[in-house]
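Beneath this line is the structure, given in structure tokens, with notes to follow.
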Amino acid sequence: MDKNMLAGLEGLPEEDKNRMSAMIDHLQLRDSLRMYNSLVERCFNDCVDNFTRKTLQKQEETCVARCAEKFLKHSMRVGLRFAELNSQAATQD
Amino acid sequence: MEPVEMFLLPFLLVLAESLNPNRGKSCKVPMAAPNISAGIDKEQAFGMAETEMEYRVELFNRLGQTCFNKCVDKRYKEAELNMGENSCIDRCVSKYWQVNSMIGQMLSAGGQPPI
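As given, the protein sequences belong to chains A and B, one line each in that order. So for the first sequence, the numbering used here puts the first residue at 116; every next one is plus one. So for the second sequence, the numbering used here puts the first residue at 25; every next one is plus one.
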């Protein structure tokens, strides 16, 4: 659990902190697994069309590698912008 | 920090305030629920926190997928995002966010969806 995460929970009693922290862990795990599945499906759909062979061809492998890396970079960038917009919205309220 | 953690932090600051037993004023909950007063009990607060967090995660995921579909070339010529894609992503996120706010406002003002 990231320390920066818990800085927002400072004002809370210990048991509340633990409960929130457990909730966040749970959500993060679930989200990671979901992301994993959706990434696999996406890259498969975009890169694999040929079923004359049982194993992935070189070109398909390259495509999948690029697809995954691109999506992860994209996801990081979206995360940054999302966090910016979120904190803007929070301070405006 | 992972993207999920980054966006949860501002929300948690507000939630921490609302769970504080010493609050005398009405608390601000970051959703379309302006009438919550200081009397909400802890269980409710946790329930709302969980719902809100799940909503944010869902929003983030949909936003990510939508903007990827709209902005990124599926031919995957390279592993990096090019300049055009980067700008597109930034703008897409910004616009998606605006649409999200607009609809949020319409729903909380109107009260119910139009029949």
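Where a beta carbon is used, it is the ideal one built from N, C-alpha and C, also for glycine. Fair warning: this is a prediction, and the values are worked out from it, not measured in the lab.
Is residue i near the ligand MN, with its Cβ less than 7 Å from a heavy atom?
{"i": "A/C178", "result": "Among the components modelled here there is no ligand, and therefore nothing to report on the ligand MN."}
Going by beta-carbon coordinates alone, are residue i and residue j separated by less than 8 Å?
{"i": "A/L142", "j": "B/E78", "result": "yes"}
{"i": "A/K185", "j": "B/V96", "result": "yes"}
{"i": "A/M138", "j": "A/L124", "result": "no"}
{"i": "B/I64", "j": "A/V193", "result": "no"}
{"i": "A/L144", "j": "A/A183", "result": "no"}
{"i": "B/K98", "j": "A/D161", "result": "yes"}
{"i": "B/W121", "j": "A/L200", "result": "yes"}
Can you name the residues of chain A whose CB is closer than 9 Å to the CB of residue i?
{"i": "B/V123", "result": "In chain order: nothing, as chain A lies at least about 12 Å away."}
Which residues in chain A sit within 8 Å of residue i, going by Cβ to Cβ distance?
{"i": "B/M77", "result": "M138, I139, L142"}
Give me the residue from the options with the minimum Cα distance to residue i.
{"i": "B/E104", "options": "A/L195, A/R196, A/F197, A/S190", "result": "A/S190"}
{"i": "A/D140", "options": "B/E74, B/I64, B/K66", "result": "B/E74"}
{"i": "B/S111", "options": "B/I127, B/M126, B/N124, B/K94", "result": "B/K94"}
{"i": "B/N106", "options": "A/R181, A/N133, A/T206, A/R157", "result": "A/R181"}
{"i": "A/D146", "options": "B/M72, B/R86, B/G71", "result": "B/R86"}
{"i": "B/E109", "options": "B/S132, B/S125, B/C91, B/N124", "result": "B/C91"}
{"i": "B/K101", "options": "A/E175, A/N152, A/P128", "result": "A/E175"}
{"i": "B/F84", "options": "A/A198, A/D131, A/E130", "result": "A/A198"}
In chain B, which residues lie with their C-beta within 7 Å of the C-beta of residue i?
{"i": "A/K185", "result": "V96, Y100, A103, L105"}
Just to confirm my understanding: we take residue i, look at its own chain, exclude 5 residues before and 5 after, and list those with CB closer than 7 Å. What are they?
{"i": "B/E26", "result": "Because the pLDDT at B/E26 is just 44, under 50, the model does not fix this residue reliably, and the point stays unresolved."}
{"i": "A/Q207", "result": "none"}
Name the chain A residues whose beta carbon is nearer than 7 Å to that of residue i?
{"i": "B/I113", "result": "H189, R192, V193"}
Closer than 6 Å by C-beta to residue i: which residues in its own chain qualify, once you throw out the five before and the five after it? Chain order, please.
{"i": "B/P58", "result": "Because the pLDDT at B/P58 is just 46, under 50, the model does not fix this residue reliably, and the value given afterwards should be weighed accordingly. Closer than 6 Å at the Cβ level, and outside the excluded window around B/P58, lies no residue."}
Can you list the residues of chain B that residue i reaches, using a CB-CB cut of under 8 Å?
{"i": "A/D161", "result": "K98, Y100"}
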